[in-house]
Amino acid sequence: MSHRRFPALTLIAAGVLALTTVCIPAATAAGSGAAATTGALQPSTVLAPTIDVPTTRLDISPTSTALSLGQSLTFDAAYDSGPVYPGDVEWASSNGSVLTVDQKGRVSAVGLGEATITVTDKNDASLTSTSTVQVREVSEEAGIELSTSDVSAVVNHSVFLNALLSPSLQGSTVTWNVTPSSLGSINARDDASAAEFWASQQAGTGTLTATVTNAAGTAKTVSVPVSVQPDPRGDFVTNDDGVLVEYRGTDPNIRIPEGVTGIGSSFSSIALDSVWVPASVRTIDDRAFYGTGLKEITFQDDDEHPSQLTAIYGEAFSMTAIETLTLPRSVETVLQSFENMGNLTTVRLGPNLGPDQLVGDFRYTPKLTNIEVDPANANYTSDEGVLYTKDHSHLIAYPSAKNAAGNYRIPEGTSAIDDNAFENAQVSTVTMPSTLRTIGAQAFAHSDLTQLTLPDGLRSAGTWAFAYTTNLTSVDLGGITALPDGAFIGSSSLADVNFRPDLAALTTIGEDAFDWTSLTSAILPDTVTTIADNAFANNKSLTSLHLSAGVTSIGATALGGTPSLATLSVSPANASYYVTDGVLYEHAPAGPRLVRYPPAKPGSEFEVAAGTTWIGTWAFDGASSLTRVVLPEGLTTIDYGAFYGCTSLTDMAIPESVETARGVVNTGLDTVEFGSQMREISMTAREYRMAPHLIVRGGVNGEYYTDGEASNGRPESAFFGEGMTTVAIRSKGPKVVVLPSTLTQFELDPFSAKGFKSDTQVYVAAAEGSSAWNVAKAELEKEGIDQSHLHAYVPATITLSGSGIDQADEGYAWTGTPGTALTLTATVSGAVPDGRELRVTQVDADGTETLIQDWSAMEQEGEASSLSVSWTPNASGAHLRVETRDITRVVRSTSLSVTAAPAPQPTAGTWQWGAHGWWYRYADGTYPANETLVIDGQVYRFDAAGYMRTGWVREDGTWYYHAASGAQASGWLLDGVSWYYLTPGTGAMATGWLKDGDSWYYLNPASGAMVTGWLKDGDSWYYLRPGSGAMVTGRVWIGWRWYTFADNGQWIR
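Number 182 in this note's numbering belongs to position 155 of the sequence shown; there are no gaps in the numbering.
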């Protein structure tokens, strides 16, 4: 069995009829006899799911036929799991002197005789199929023959036909006709001589005629008898086990034959009014009547003919119009069979229905008012139409339409409300018993509750327990200890919550708990310790929040999307969080972290507290009034979305200490400039505003990533300095990109049309033919950008000239008398010629600065640009700072009468930075090469030149991975789009089957990458969940059907 992956396909259910055509020499126009060819019915196999499916069969069509000498015909091939794509298969002829075939299945008759055409899967030789083809000579007198001497087909099925033409008529159009026309129709194929006869639903006999006209206008005709036979299986088709797999009739009122043992997905494409089910039926499978519009179903179940039905599976009656459903007494298992029954008002359950079922089975039944249970049932009972367990401890399902806009009181003694119990319920208020302890997932989701009081004794609730209760205005949380994820998400009218500090019970506010509600303020009890991601997000009305003494954890996005938030306060007793200048900070081992700046806080400027090392996710989200933010030196990280929505922010200098930046997007900044220590930069656009200019001074194995299209159009420029190694621009990239010599990976807008990028200019700070140059060159070639757009980059140089101006150290000196006017000419070369500008500033001895010439365009002369500026020195202590920039906004400067400070001396330490990366220097000046060392508890490897290795390293036949820091990694690793597992302790890459925790995973033996989807190992198939890669067991829905897997993960067929 092979394994293939296909897009969503329409697959045929078990038992659908396949048609086989056997072709032998046909009768000639003169009437020579031959055996008949019929369209015979064969049972088909069950096809695999629509996506990621095992393949068991490869079919060829036609399975046999005849050709005239010189004639050609295209054969088709298909897998049982989907179509054949170019390159999947190989075609072959058993006798090349009779038939030839190309790799597109085009068969040509080159000699008289018989041969076999074979098609075989390239990757699995067991998948093969053959067709027998006879080559005959057709005389000019006859002109035309058919591949079959008679045509026999079953109603609603087809037979392949081929017209054999004499040499002079080959390529001519064949006209087909069948008499009487009620027998069927003929569909001509792309091949001029081939056609398919499609039998109608009416049985009978007649004549099929094929006609061709020669150049002289003479018609040549051949006729053969046609017979259309009724389907021998009738309207109801069962498999060998007696399971109904197909209904071929059209009557909307059907009576399933006695003896049928099961009902498969037989009616999913048929409109039905009523169905009678015999007592012999034991199972009704998934989606058996799904979407049929069925109005009434009757089960044979009396003393003389007791029903044998025991199990009804998923969505068996979904999307039907049944109003009242009475199940047979024999039913023991029901699995999500009643969902989406839009007209259902009453359900009657029998005495044998087993325990631990029916939870969530009545979702989306908006007219349901009554669930009845046979009194003899030992597991369930009905209390005024509401479904409970027999002992009333669990409320399982409340009919959606019961007591619409009214009240329901749950009886004392009930301790649990199960999952989905009140989902979409139209009741307005529910009075809960003091005995209630748990509420299930989505128990009240989308219900019409207007107010809610939870009991003091309640302890827990499931995910989305009250989600999207849009009429809900007030809540008393009672004694619940942890608000679940999504507890009140989307409850857009909820404005008042009593957190019950008097009970001292609540400890956790889960993810999305109050997301998209209308809270205006919240004061949390001291018992609350955890506030998860998005807990209060998207509360447009929230103005104030008080954090209690116990809070120790706040999710990164807990307060995102709260534009009205103006006041944050924290209990003085809290040891983890504090407020300074109205802004929330967190104590952290490496230094304070800024958690949230209230976006409605008054003021347009803000200075982040000194010592802050981290700006948190969405920290300044929505602070649209800020125009200037001052960040402190020592800051290392700017997290995701940190300044999202700061649309007025135009002034923010990013400190040299920053190493990671993920959130400087959707601001008002014109230029974003990072320092030289960058390790990671993520600037995802996706309809956000992007700064037109980006400068990255340098990095430490730095990586840059962006994707999506910016709301303000295509950026102008991006500059990447030395130490940056990866530049992935997966969006409409800048017009000018400058790349460093340390570049190892480069992507430039792989998703835009190639013509869009025709004006992109790429500069590389390395010589032509260097590694970085070749990386950039290859990307331009891939994206269809002319190589004339690739340039070498050297930093800009400024030359000053004029009377009395001479070079002095790294700058220039002017000799003259203060008060004497001078004219200096600045000439700039190198860097990017486009957009060169000059700015000149006077700096007095006391540091006072005076602008002499603001940024002004320079006049280009060849490769250089120049501009003359007049200046009158007013004191001997003054000097000029002369700066230039181009389209990249990278500023270079020189000075007049001031010598630049000497370059800083390297700091002491054993790690050294060299031309090709980091190396480790011993005290005696030597260094390790081709060695593996443990340094400060971490494993490092060094290459032959002594440089620290990063990424994948193979040693003694085993692969290891070293992070950008050089330290050897262990555990799970995401590299690109694939997961790998590095054995803790050794760091060695694992392959094959791996058990991690309670789950099994499979790692490709060749590459080590985690496998997902279907996997064949030995003779067994397994399914590994997409995303997590965990091996599944039990009954699992994949594609459009259920599969069953043993405890060891093997697929049970």
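Note that CB positions come from ideal geometry on N, CA and C, so glycine has one too. Quick caveat, the model's predicted, so the values are computed rather than measured.
The secondary-structure analysis by DSSP pairs Trp-641 across a beta bridge with Arg-620 and Thr-664.
Leu-586 carries a coil assignment under DSSP once its states are collapsed to helix, strand and coil. Nearest C-alpha to Ser-227 among Asp-218, Val-186, Gly-198 and Ser-250: Val-186. Annotation for Lys-762: no beta strand (DSSP E) segment contains it, and DSSP assigns it neither H nor E.
For Leu-807, no beta strand (DSSP E) segment is defined; the enclosing uninterrupted segment is the alpha helix (DSSP H) at 798 to 809.
Residue burial annotation: Asn-451 is buried, with at least 16 other C-beta atoms found within 10 angstroms of its C-beta. With a cutoff of 8 Å on beta-carbon distance, Gly-132 and Thr-101 are scored as near each other. Here the C-alpha atom of Thr-462 lies approximately 8 Å from the C-alpha atom of Leu-485. Between the alpha carbons of Gln-788 and Gly-1003 lies a distance of about 27 Å. For Glu-982, same chain residues with a beta-carbon under 8 Å away, outside a window of 5 residues either side, are Thr-959 and Arg-968 in chain order. Only residues of its own chain outside the window of five on either side were considered, and among them Ala-840, Trp-841 and His-906 have a CB closer than 6 Å to the CB of Ser-924, listed in chain order. In this structure, Ala-593 is the residue among Gly-618, Ala-593, Ala-600 and Ala-617 with its C-alpha nearest to the C-alpha of Gly-609. Counting C-beta pairs with one atom in each stretch, the stretch 329 to 340 and the stretch 295 to 314 have three or more that are closer than 8 Å, which means they touch. Counting other Cβ atoms within 10 Å of its Cβ, Gln-130 stays below 16 and is therefore classed as exposed. A residue is called buried when at least 16 other Cβ atoms come within 10 angstroms of its Cβ; Gly-874 does not meet this threshold and is exposed. Relative to Thr-771, the option among Trp-946, Trp-800 and Val-764 whose CA is nearest is Trp-800. Between Asn-204 and the set Gln-197, Leu-196 and Ala-215, the nearest pair of CA atoms involves Ala-215.
For Ile-516, there is no enclosing beta strand (DSSP E), since its DSSP letter is neither H nor E. Three or more beta-carbon pairs drawn from the stretch 658 to 671 and the stretch 627 to 643 are found closer than 8 Å, and the two stretches are therefore classed as touching.
As for any beta strand (DSSP E) of minimum length 3 sitting wholly inside the stretch 699 to 723, the runs are 705 to 709 and 720 to 723, ordered along the chain. Distances from the alpha-carbon of Ala-718 to those of Arg-706, Ser-334, Tyr-1050 and Phe-746 put Phe-746 closest. Per DSSP, Ser-1026 is one residue of the beta strand (DSSP E) stretching across 1026 to 1030. With a cutoff of 8 Å on beta-carbon distance, Ser-420 and Ser-442 are scored as near each other. DSSP places Ser-199 in the coil class of the three-state scheme, outside both helix and strand. In this structure, Leu-385 and Leu-422 do not form a Cβ contact; the two beta carbons are roughly 11 Å apart against a cut-off of 8 Å. For the pair Gly-233 and Val-251, the CB atoms are not nearer than the 8 Å cut-off.
DSSP links Phe-746 through a beta bridge to Ile-722 and Val-765. In the same chain as Ser-121, and ignoring 5 residues on each side of it, the C-beta atoms closer than 6 Å to its own belong to Ala-142 and Thr-143, in chain order. Boundaries for Asp-115: no beta strand (DSSP E) harbours it, and the DSSP string shows neither H nor E there. Residue range 501 to 503 is occupied by the beta strand (DSSP E) that includes Asp-503. Here the stretch 986 to 997 makes contact with the stretch 1011 to 1025; the two share three or more CB pairs at distances below 8 Å.
In the three-state DSSP reduction, His-614 falls in the coil class, being neither helix nor strand.
In the structure shown, Pro-528 adopts helical secondary structure according to DSSP, grouped into three states. Along the length of the stretch 463 to 504, whole beta strand (DSSP E) runs at least 3 residues long occupy 478 to 480 and 501 to 503, reported in chain order. The C-beta distance from Ala-343 to Ala-315 rounds to 5 Å, short enough to fall under 8 Å.
Cβ contact annotation for Asn-183 (same chain, cutoff 7 Å, sequence separation greater than five): Ala-226 and Gln-228, in chain order.
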